[in-house]
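Beneath this line is the structure, given in structure tokens, with notes to follow.
2 protein chains.
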Amino acid sequence: MINELFAFYKPIIENRIDELLPETNAPYNEVVRASRYSLKLGGKRIRPILMMEFCRLFGGDYKSALDFAVALEMIHTYSLIHDDLPCMDNDDFRRGKPSCHKAFSEDMALLAGDALLTEAFAVAANANTDADIKVKAVATLSQMAGFSGMLGGQVIDLSFVKNPPDLDSLCDMYARKTGCLLRAAAIIGATVGGATEIEVNKADIFAQKVGLAFQIIDDILDVTADPELLGKPVGSDDKNQKTTFVSILGLEGARAEAKRLTDDALKLLNGFEGNTENMKALTEYLLQRNF
Amino acid sequence: MINELFAFYKPIIENRIDELLPETNAPYNEVVRASRYSLKLGGKRIRPILMMEFCRLFGGDYKSALDFAVALEMIHTYSLIHDDLPCMDNDDFRRGKPSCHKAFSEDMALLAGDALLTEAFAVAANANTDADIKVKAVATLSQMAGFSGMLGGQVIDLSFVKNPPDLDSLCDMYARKTGCLLRAAAIIGATVGGATEIEVNKADIFAQKVGLAFQIIDDILDVTADPELLGKPVGSDDKNQKTTFVSILGLEGARAEAKRLTDDALKLLNGFEGNTENMKALTEYLLQRNF
Numbered sequence: 006m007i008n009e010l011f012a013f014y015k016p017i018i019e020n021r022i023d024e025l026l027p028e029t030n031a032p033y034n035e036v037v038r039a040s041r042y043s044l045k046l047g048g049k050r051i052r053p054i055l056m057m058e059f060c061r062l063f064g065g066d067y068k069s070a071l072d073f074a075v076a077l078e079m080i081h082t083y084s085l086i087h088d089d090l091p092c093m094d095n096d097d098f099r100r101g102k103p104s105c106h107k108a109f110s111e112d113m114a115l116l117a118g119d120a121l122l123t124e125a126f127a128v129a130a131n132a133n134t135d136a137d138i139k140v141k142a143v144a145t146l147s148q149m150a151g152f153s154g155m156l157g158g159q160v161i162d163l164s165f166v167k168n169p170p171d172l173d174s175l176c177d178m179y180a181r182k183t184g185c186l187l188r189a190a191a192i193i194g195a196t197v198g199g200a201t202e203i204e205v206n207k208a209d210i211f212a213q214k215v216g217l218a219f220q221i222i223d224d225i226l227d228v229t230a231d232p233e234l235l236g237k238p239v240g241s242d243d244k245n246q247k248t249t250f251v252s253i254l255g256l257e258g259a260r261a262e263a264k265r266l267t268d269d270a271l272k273l274l275n276g277f278e279g280n281t282e283n284m285k286a287l288t289e290y291l292l293q294r295n296f
Numbered sequence: 006m007i008n009e010l011f012a013f014y015k016p017i018i019e020n021r022i023d024e025l026l027p028e029t030n031a032p033y034n035e036v037v038r039a040s041r042y043s044l045k046l047g048g049k050r051i052r053p054i055l056m057m058e059f060c061r062l063f064g065g066d067y068k069s070a071l072d073f074a075v076a077l078e079m080i081h082t083y084s085l086i087h088d089d090l091p092c093m094d095n096d097d098f099r100r101g102k103p104s105c106h107k108a109f110s111e112d113m114a115l116l117a118g119d120a121l122l123t124e125a126f127a128v129a130a131n132a133n134t135d136a137d138i139k140v141k142a143v144a145t146l147s148q149m150a151g152f153s154g155m156l157g158g159q160v161i162d163l164s165f166v167k168n169p170p171d172l173d174s175l176c177d178m179y180a181r182k183t184g185c186l187l188r189a190a191a192i193i194g195a196t197v198g199g200a201t202e203i204e205v206n207k208a209d210i211f212a213q214k215v216g217l218a219f220q221i222i223d224d225i226l227d228v229t230a231d232p233e234l235l236g237k238p239v240g241s242d243d244k245n246q247k248t249t250f251v252s253i254l255g256l257e258g259a260r261a262e263a264k265r266l267t268d269d270a271l272k273l274l275n276g277f278e279g280n281t282e283n284m285k286a287l288t289e290y291l292l293q294r295n296f
């Protein structure tokens, strides 16, 4: 089920990325190459697939959400490129391959991130749909990526180095840093699909539950995963004395919390009228992943 | 004339910035402070004023363009913050004061730039006007700031370190790096003001002329200016063996080219029906500046 879902959506997403961001003969092509390098580094496209599935669930054509889905993936990728920079996490590897500033250079990685963030809004504004929908998409993407969203979460995370968080603060940080882009996927997908305001709100809450579960699992995997399968080193949270769900609740406590949130999310799916089989498979995949 | 123009618009812009980006009690306020620090570092607000004047020139209320003007200034400021970073120009000072990464930290400056770029699109998408206008504004801002615009110009500029440009390549780089945000001001201002497509196009060409003149004057000032008045060190182009209009055309040749472009721009203004006195004053100010 889940493999078929990935097999269906992935080529559609990859092709649209290639159409929207092709290499060029222009003298600035180096930054296109750097952007494409990171954008094509083998991401699982969870956010775009979630968006298109929500669109479909509420009766829309998934293709209507495709450009917004690519825009969201561009924003996700920009955040990874900038997070890996020496002045941030200083990670030389991403998904088992050299991170952007290692494959290119630090200045080019900075600019590639900036360019992908900028281009995301160009792609959303130029999507082939109603202006009202496009404004809603741009407003949602910028809110969920910005000060009070993903970026704010990043800033709060940095503040934890000096002031280790309690569980509430940790949840708030995760909700922003990881949850907000999943929320953008749900809100935009449902909106494009024609969902009512109440349905959009339910999709949003679903994404919040999944987002927190997703991040708790990241904390768990940092303790338990095979680094080969994960594609990055493990044990870094413990080494860096980071407060995580595992350090606060223990491994089993963290697992129980992730399970509880995922069960909540699955229950929310049952409240939707359309066919939620794909969405359920995606949700369970996110809980059971070992990548 | 020009002082009255600045005196009229500046408080309007400053107040709107404070409304749109106030400090907050949220735990991510540090990045708001860093963003506001750079946004309020005493910029002359050339781009916002140009946009609102174009709006007014074509019969619109300048207030209809105010939020787009602030969005553009946010994009301009993000580009300055990231340009100053150690991996780029490594400038410790901006407008005579510590640059963002010196006043805060490198990671916070990176994130402040990212946040301002993101917030610019939130501000544009939430402006109090028609969805069609907002989509046009977002499309214009992202195009002019992105791969083929300002950011592409930055990338081309970096490539000149290895491959010094001829005059055509230098013009192309300046057109992108400096010209594109002025073009965004003209295009959005004219569009919001109700200009026809032909008028928008003329406003765009005007901005291209002014943008190139503006950059040539930057090259001239790097040779001739008083560093106290300029608020930054001079002579850096020569020290860095940078190819500039002055190094290719000589000081007088560069001055003549800036004069020619400004005369062209002033002629274009004469082709507009509205009152262009303010716009003429702004254009002449840009040519005669010694800051």
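The listed protein sequences correspond, in order, to chains A and B.
With this note's numbering applied, the first sequence closes on residue 296, and no number is skipped along the way.
With this note's numbering applied, the second sequence closes on residue 296, and no number is skipped along the way.
Note that beta-carbon positions come from the ideal geometry of N, C-alpha and C, so glycine has one too.
Item	Value
Contact set between the segment 192-220 of chain A and chain B, restricted to residues whose Cβ is under 7 Å from the partner	none
Three-way DSSP call (helix, strand, coil) for R99/B in this model	strand
Whether M79/B touches L115/A by CB criterion (9 Å)	no
Beta-carbon spacing of G154/A, L186/A below 9 Å	yes
Whether D242/B touches D269/B by CB criterion (9 Å)	no
Own chain residues within Cβ distance below 8 Å of H81/A, not counting five before or after	G48, R52 and L186
Uninterrupted alpha helix (DSSP H) stretches inside the segment 24-98 of chain B (no shorter than 4 residues)	34-44, 51-62 and 71-89
Whole-angstrom distance between D97/A and K107/A, CA atom to CA atom	6 Å
Closer than 7 Å at the beta carbon, the chain B residues around K107/A	By Cβ distance, chain B contributes nothing, its closest Cβ being about 13 Å from K107/A, past 7 Å.
Contacting positions in the segment 71-95 of chain A - beta carbon closer than 9 Å to chain B	I80, Y83, S84, H87, L90, P91, C92 and M93
Within-9 Å CB hit, N275/A to chain B	no
Closer than 7 Å at the beta carbon, the chain A residues around D227/B	Ordered by position in chain A, no residue passes the 7 Å Cβ test against D227/B, which lies about 21 Å from the chain.
Through-space distance from N34/A to K139/B, alpha-carbon basis	29 Å
Below-9 Å beta-carbon distance, Y298/A vs any chain B residue	Since the displayed chain A opens at 6 and closes at 296, residue 298/A lies outside it and no answer follows.
The ligand NAD heavy atom lying under 8 Å from the CB of D112/B	Absence of the ligand NAD is noted for the structure shown, with no ligands found whatsoever.
Any C-beta of chain A under 9 Å from that of E124/B	yes
Where N283/A falls, given that 16 or more other Cβ within 10 Å makes a residue buried	buried
Close Cβ partners of A253/A (< 6 Å) along its chain, the five nearest in sequence each way excluded	What sits at residue 253/A in the sequence shown is Ile, not Ala. Excluding positions up to five away in sequence, the list reads L172.
N- and C-terminal bounds of the alpha helix (DSSP H) containing K252/A	Per the sequence shown, residue 252/A should be read as Ser rather than Lys. F250 to N275 is the span of the alpha helix (DSSP H), which, as asked, contains S252/A.
Counted within 10 angstroms of its Cβ, other Cβ atoms place R61/A as buried (16 or more) or exposed	buried
C-beta neighbour in chain B for I253/A, strict 9 Å	no
Residue of A120/B, S84/B, A200/B and M149/B minimising C-alpha distance to R38/B	A120/B
Proximal residues to A74/A (C-beta, below 7 Å), its chain only, five neighbours per side dropped	I18, P53, M56 and M57
Buried or exposed by the 16-neighbour rule on C-beta atoms within 10 Å, applied to K272/A	exposed
Beta-carbon separation (whole angstroms), A259/B vs V251/B, contact threshold 8 Å	5 Å
Beta-carbon proximity check, P32/B vs V160/A, cutoff 9 Å	yes
Exposed unless 16 or more other CB atoms sit within 10 angstroms - verdict on T248/B	buried
CA nearest to the CA of G158/A, picked from A195/A, Q220/A and L274/A	Q220/A
Short-range partners of chain A found in the segment 7-25 of chain B, where Cβ spacing is below 9 Å	none
Residues that D173/B contacts on chain A, provided the C-beta gap is smaller than 9 Å	Going along chain A, no residue has its Cβ under 9 Å from D173/B, so there is no contact; the nearest lies around 11 Å.
Proximity test, Cβ basis, 9 Å: F250/A and chain B	no
Exposed unless 16 or more other CB atoms sit within 10 angstroms - verdict on G216/A	buried
Contacts around Y290/B, its chain only, beta-carbon distance under 8 Å, and the 5 residues preceding and following it disregarded	I7
Identity of the residue in A191/B, N280/B, S147/B and A132/B nearest S69/B by Cα	A132/B
Q213/B - DSSP class collapsed to helix/strand/coil	helix
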